[in-house]
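Protein chains in written order, with the numbering used here: chain A, 116 to 360; chain B, 116 to 360; chain C, 116 to 360. Glycine included, C-beta positions come from ideal geometry on N, C-alpha and C. Because the structure is a prediction, the values reported are computed rather than measured.
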Amino acid sequence: MVDVILNGEILKTVSKAMVSLVSEARFHFKDEGLHSRAVDPANVAMVIVDVPTSSFESYHVDGEFVAGVDVNRIFDISKSIRSDERVELTVVDETSLMIKFGSVRYSVSLIDPSAIRKEPRVPQIDLPAKIVMDAGEFRKAIMAADKISDHVVFRTNSEGFFIEAEGDVDRITFHLTEAELAEFNGMEARSMFSLEYLKEFVKIASPGDVLTIRLGNDYPGRMIFEVAAGKVKVEYILAPRIEAE
Amino acid sequence: MVDVILNGEILKTVSKAMVSLVSEARFHFKDEGLHSRAVDPANVAMVIVDVPTSSFESYHVDGEFVAGVDVNRIFDISKSIRSDERVELTVVDETSLMIKFGSVRYSVSLIDPSAIRKEPRVPQIDLPAKIVMDAGEFRKAIMAADKISDHVVFRTNSEGFFIEAEGDVDRITFHLTEAELAEFNGMEARSMFSLEYLKEFVKIASPGDVLTIRLGNDYPGRMIFEVAAGKVKVEYILAPRIEAE
Amino acid sequence: MVDVILNGEILKTVSKAMVSLVSEARFHFKDEGLHSRAVDPANVAMVIVDVPTSSFESYHVDGEFVAGVDVNRIFDISKSIRSDERVELTVVDETSLMIKFGSVRYSVSLIDPSAIRKEPRVPQIDLPAKIVMDAGEFRKAIMAADKISDHVVFRTNSEGFFIEAEGDVDRITFHLTEAELAEFNGMEARSMFSLEYLKEFVKIASPGDVLTIRLGNDYPGRMIFEVAAGKVKVEYILAPRIEAE
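Here is the structure:
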């Protein structure tokens with residue numbers, strides 16, 4: 116039903132992205148590639164993962180197959196796979212997923228997809244500000260902000276993009292000017308987000324990865340990461356937090 | 116009574132091997148070299164360590180000397196020794212062992228050997244299957260199996276050597292064909308072992324080390340590791356677990 | 116009021132040195148450079164830190180400025196700074212210290228200096244023995260001694276410098292002859308010190324750093340570390356412990 120070959124980094128990235136929000140998910144093996152999306156139990160964030168067929172070494176799927184996956188388990192297994200290792204995923208009957216790498220063969224039971232929480236519709240939201248930047252820099256800013264606060268303000272204006280967090284006795288500002296950003300459309304925006312989520316999101320990011328952020332005013336933000344050497348697209352949509360004036 | 120010089124890696128390996136099963140042991144400084152063996156308190160496993168005189172930089176022992184050693188303590192000290200460091204072991208009177216390396220000199224009290232549990236006789240068991248393989252590969256398989264179960268099946272047949280573990284929802288198979296093994300005599304065997312022990316045993320193993328496994332049917336298994344650049348031989352004999360049908 | 120530029124390693128070292136004894140301290144920005152000193156709450160040890168202006172990339176201070184600093188906070192922030200990163204410290208009004216590196220700007224509230232414990236006078240003590248040695252070697256000896264005891268004896272005689280610790284069943288001696296020391300004036304001395312303090316002190320030391328030790332008989336010891344490529348001088352003065360005969 117499914118027989119695909121990919122490198123370890125892709126599987127590691129996909130499972131890390133999904134496990135940041137859910138413990139079970141539907142993996143859609145489609146004509147265009149692998150797709151998965153889910154909303155966290157608190158309905159605060161959505162993750163959307165896409166791996167086009169061109170990112171696979173080989174990709175054979177009979178029609179479309181939907182696998183109900185124990186994401187924690189896959190994430191766990193992926194930790195023992197090297198990034199440059201060749202991994203084969205096979206589904207022969209509907210009950211189990213086979214993961215082969217080196218001399219190792221894992222067989223993981225699949226979950227009935229209908230037993231997994233219904234997938235979200237991807238919201239169509241119009242977000243004025245657009246920033247394109249290095250995902251590694253973003254990760255550093257989030258990790259630093261997380262040390263002093265539990266929420267962070269993203270804002271843009273003519274001076275560029277600001278990430279700001281405030282602790283009891285200190286404040287951190289991360290500032291990139293238009294010249295330091297890969298792209299910025301100059302639009303003003305300002306929203307506050309929870310660092311509890313953001314610090315999970317950035318775990319997939321490495322220096323050199325491209326991150327596109329779309330931002331509005333007290334509105335959900337979109338963060339689109341192109342990771343694993345551009346082979347995996349992970350989009351996060353995160354609800355804003357209310358700023359107390 | 117004893118004055119020997121060896122490199123740090125040997126001492127680190129010997130103490131790591133012994134500490135996997137016991138906290139006290141007899142170290143025999145003999146004409147042929149250093150020998151130690153012990154059975155764990157639960158009588159499930161035996162360890163036999165041999166370091167021939169040729170593995171020492173210098174080896175002077177008056178007759179044979181039996182040192183009662185606090186293995187935990189030696190293991191602890193060995194952690195602060197570099198693998199390539201020159202270490203001198205001396206016993207002047209019967210009460211203490213001196214360990215010298217760099218500018219450091221440790222003096223560790225010896226234990227009266229008669230106060231240490233009697234040493235086991237090494238069992239003469241005939242085990243049909245013989246496998247020779249890379250100890251690093253074996254280590255990887257054991258560590259992976261340990262993530263999903265607390266026991267593992269070793270089996271051989273005409274297709275090669277299999278290590279199999281089964282979790283609640285998943286199963287891992289590690290398979291090496293005859294071509295992938297350094298040596299295999301083609302004999303069939305099958306026994307189940309506890310991962311609690313195996314995961315301790317493999318701590319001494321590095322890629323490139325040679326491991327010889329002898330296996331029977333529901334019978335103890337023997338694992339002979341040649342480690343520390345071949346300078347130390349560590350043999351483990353492990354009782355099987357009963358497979359529930 | 117203050118606007119200075121230094122490399123990350125200096126800030127990391129200064130905060131690590133101070134945080135070993137206190138959580139708040141006065142940072143004096145003087146004509147000659149940055150100076151800070153403090154005594155721990157138990158009055159057992161003193162730390163004196165000096166960074167001459169020549170160690171800064173740029174150094175602009177209007178007269179002298181005394182900043183009351185939350186040392187824990189600065190230490191925390193310094194962990195996210197790379198050693199080779201350029202850091203700018205600015206104080207504009209008396210209420211906050213700005214720390215800039217890369218795209219990050221931290222603003223940390225200052226503490227009213229008069230609310231911080233009065234600074235100690237540096238004692239004038241005459242200590243006969245003088246030893247100059249590699250700080251990394253000293254660190255290794257202290258870490259090893261700390262594994263078996265909570266106090267250590269420093270002693271010197273015609274054979275050189277000894278660091279000795281005694282555990283319940285073992286003893287460690289660290290011995291450097293005059294030839295192995297960078298400098299030794301041959302004077303005899305012997306004092307016992309608490310490892311609880313020493314193990315904190317050595318955290319700033321790396322191999323290649325120069326350490327000068329001054330020692331008397333049952334008298335406080337002085338340890339002067341030249342660290343961060345010689346750019347920071349950290350002196351510790353430590354009260355002796357009484358040796359039970």
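- By the rule that beta-carbons nearer than 7 angstroms mark a contact, leucine 204(B) does not touch chain A.
- A direct Cα-to-Cα measurement between glutamate 200(A) and valine 247(B) gives close to 25 angstroms.
- Residue-level contact check: arginine 220(C) touches chain A, since one or more beta carbons of chain A fall below 7 angstroms from its beta carbon.
- Nearest to arginine 337(B) by C-alpha distance, out of Gly217(B), Ile240(B), Thr205(B), is Ile240(B).
- Per DSSP, glutamate 252(B) is one residue of the alpha helix (DSSP H) stretching across 250 to 261.
- Residue contact check for histidine 290(C) against chain B: a CB pair falls below 7 angstroms.
- Within its own chain, the residues whose Cβ lies closer than 6 angstroms to the Cβ of histidine 150(A), once the five positions on either side in sequence are excluded, are His143, Asp165, listed in chain order.
- Threonine 210(A) is classed as exposed because its beta carbon has fewer than 16 other beta carbons within 10 Å across all chains shown.
- Not one beta carbon of chain A lies nearer than 7 angstroms to the beta carbon of valine 117(C).
- If you look at glycine 148(A), you'll find it in the beta strand (DSSP E) that goes 148 to 154.
- Annotated three-state conformation of serine 222(C) is strand, per DSSP.
- If you check the CB distance, glutamate 252(A) and serine 198(A) do not come in under 7 angstroms.
- Secondary-structure assignment with DSSP links valine 186(A) through no beta bridge to anything.
- One finds Val284 in chain B with Cβ atoms closer than 7 angstroms to the Cβ of aspartate 185(A), taken in chain order.
- Note on the region 118 to 178 of chain B: whole alpha helix (DSSP H) runs with a minimum of 4 residues are 123 to 134, in chain order.
- Counting along the chain, the unbroken alpha helix (DSSP H) around tyrosine 312(C) starts and ends at 310 to 316.
- Distance between isoleucine 339(B) and aspartate 155(B), taken at the CA atoms: about 17 angstroms.
- Counting only residues of its own chain and dropping the five nearest sequence neighbours on each side, serine 222(B) has a CB closer than 7 angstroms to the CB of Ser211, Met213.
- Within the same chain, Gly275, Phe299 come within 6 angstroms of glutamate 293(B) by CB-CB distance, once the 5 residues on both sides are set aside.
- DSSP places glutamate 281(C) within a strand segment (E or B) once states are collapsed to three.
- A residue is called buried once 16 or more other Cβ atoms fall within 10 Å of its Cβ, and arginine 232(A), having fewer, is exposed.
- Boundaries of the beta strand (DSSP E) harbouring glutamate 350(A): 347 to 353, taken from the DSSP string.
- Following the DSSP letters along the chain, one finds isoleucine 339(C) inside the beta strand (DSSP E) bounded by residues 336 to 342.
- Within chain C, no C-beta atom comes nearer than 9 angstroms to that of glutamate 341(A); the closest sits roughly 21 angstroms away.
- Look at lysine 233(B) here: in three-state DSSP terms it is coil, with no helix or strand label.
- By the criterion of a C-beta distance shorter than 6 angstroms, aspartate 265(C) is surrounded in its chain by Leu310, once the five residues flanking it on both sides are discounted.
- Beta-bridge partners assigned by DSSP to asparagine 272(B): Gly275(B).
- C-alpha of glycine 323(A) to C-alpha of proline 335(A): approximately 25 angstroms in a straight line.
- Judged by beta-carbon spacing, leucine 225(B) lies within the 7 angstroms limit of alanine 182(B), meaning their Cβ atoms are closer than that value.
- Counting along the chain, lysine 194(B) sits inside no beta strand (DSSP E), nor does DSSP assign it H or E at all.
- Taking 7 angstroms as the Cβ-Cβ cut-off, the region 241 to 255 of chain C has no residue approaching chain A.
- Residues of the region 166 to 196 of chain C that bring their beta carbon within less than 7 angstroms of a beta carbon in chain A comprise Asp185, Arg188, Asp191, Ser195, in sequence order.
- Excluding five sequence positions before and after aspartate 333(B), the CB atoms of its chain that fall closer than 6 angstroms to its own CB belong to Ser306, Pro355, given in chain order.
- Within chain A, no C-beta atom comes nearer than 8 angstroms to that of valine 162(C); the closest sits roughly 23 angstroms away.
- For valine 268(C) against valine 129(C), the beta-carbon gap comes to about 30 angstroms, at or over 8 angstroms, which does not count as contact.
- Annotated as proximal: valine 342(B) and isoleucine 319(B), with beta-carbon spacing under 7 angstroms.
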